[in-house]
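Here's the structure, in structure tokens; my notes come after.
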Amino acid sequence: MGEFFSNVFRYPKYLITIVLGIFTAFLEPLIQRSKNPITAIALIGACISIILTFYFVVKAMVLPDTLV
Numbered sequence: 034m035g036e037f038f039s040n041v042f043r044y045p046k047y048l049i050t051i052v053l054g055i056f057t058a059f060l061e062p063l064i065q066r067s068k069n070p071i072t073a074i075a076l077i078g079a080c081i082s083i084i085l086t087f088y089f090v091v092k093a094m095v096l097p098d099t100l101v
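For reference, each letter of the sequence shown is one residue, going 34 to 101 in the numbering used here.
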């Protein structure tokens, strides 16, 4: 039974490693491109628009009566 829990507790480590690897692979090119001021402003605007889109979509899903 101890071996079972040893295997179960090992999987969150793999999950964290995979998620961090995905974020690193996604953010590294964006950080390199943000050295140009115009590109940095465009990236900031894109991030803000993505956050606002998610906010309004989740708000509409949770509180559909407040849309009117």
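Quick reminder that beta carbons are idealized off the backbone N, C-alpha and C, glycines included.
Worksheet item: Between the beta-carbon of L85 and the beta-carbon of L76, is there less than 8 Å?
Response: no
Worksheet entry | Contact under 8 Å by Cβ, A58 with S67 | no
Practice prompt. Please list, in chain order, all residues of the same chain as G35 whose beta carbon is under 6 Å from its beta carbon, the five residues on each side excluded.
Written response: none
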